[in-house]
Amino acid sequence: MEWQPHVTVATIIERDKQFLLVEEMSHGKQVYNQPAGHLDPNETLQQAAVRETLEETGWAIELQGLVGVALYESPHNGVTYHRTTFYGKALNHHPELPLDDGIVRAVWMSYEEILASSDKLRSRLVLSAIEQYQNGHLYPLNFIYS
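According to the working numbering, numbering within the sequence shown proceeds without interruption in unit steps and concludes at 129.
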């Protein structure tokens, strides 16, 4: 069997000192995560990030830059995820859109609320990415090329 990491994307969307997260089901528990998901065939990382955010939250967004890239091995399934995290701004909400399977709801939370809920985060990447963003680890979108 050939080892292959799963390519995923995530977004950090901040508005009025609150971050857009999803409350979702994972391994039988409700957890918080950034809007995130897998890269689909024939799409760019940026297209995947915009699509996943809309599908999971109902929010249309505009990407503004890149926060970073991380590798994460899930303790639940042993899969390694190669995650590219973007930041952007919320444009408009489409509450009529159905959310992806497993998504309970989209929520806006302050950093302090996220810290207080750290035991309910899907992975350590959720808080790490927000802290990278807050610490100014922000890169232009053209950092990624094809």
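Where a beta carbon is used, it is the ideal one built from N, C-alpha and C, also for glycine.
- Message: DSSP three-state label for Tyr128, please.
- Response: To locate residue 128, count along the sequence shown from 1; it is residue 145. Three-state result, Tyr128: coil.
- Item | Counterpart residues of Ala(-7) in DSSP-defined beta bridges | Within the sequence shown, residue -7 is the residue found at index 10, counting from 1. BP columns for Ala(-7) point to Ala19, Thr68.
- Query: Mind checking Arg107: buried by the 16 CB within 10 Å criterion, or exposed?
  - Reply: Start at 1 with the first residue of the sequence shown, and residue 107 comes out as number 124. By the 10 Å Cβ count, Arg107 comes out exposed.
- Query: Less than 9 angstroms separating the beta-carbons of Ser93 and Lys0?
  - Reply: Counting from one through the sequence shown, the residue named residue 93 turns up at place 110. Counting from one through the sequence shown, the residue named residue 0 turns up at place 17. Yes, the pair counts as a contact, with Cβ atoms nearer than the cut-off.
- Query: From Leu37 to Thr(-6), what distance separates their C-alpha atoms?
  - Reply: Working through the sequence shown from its first residue, we reach residue 37 at position 54. Working through the sequence shown from its first residue, we reach residue -6 at position 11. In this structure, the CA atom of Leu37 is about 11 angstroms from the CA atom of Thr(-6).
- For Ser9, which beta-bridge partners are listed by DSSP? Looking up residue 9 in the sequence shown gives position 26. According to DSSP, which records beta bridges pairwise, Ser9 is partnered with Lys12.
- Query: Looking at C-beta atoms only, is the number of pairs between the region 94 to 101 and the region 21 to 34 that lie closer than 8 angstroms three or more?
  - Reply: Touching, no.
- Item | Rounded distance between the beta-carbons of Ala32 and Leu168, thought under 8 angstroms | Since the first residue shown for the chain is -16 and the last is 129, residue 168 is missing from the structure and cannot be characterised.
- When the Cα atoms are used, what is the spatial distance from Thr(-9) to Gly20? On the sequence shown, position 8 is the one that residue -9 refers to. On the sequence shown, position 37 is the one that residue 20 refers to. When rounded, the distance between both Cα atoms is 5 angstroms.
- Item | Three-state secondary structure (DSSP) of Arg34 | Taking the sequence shown and counting its residues from 1, one reaches residue 34 at position 51. Here Arg34 sits in helix by DSSP.
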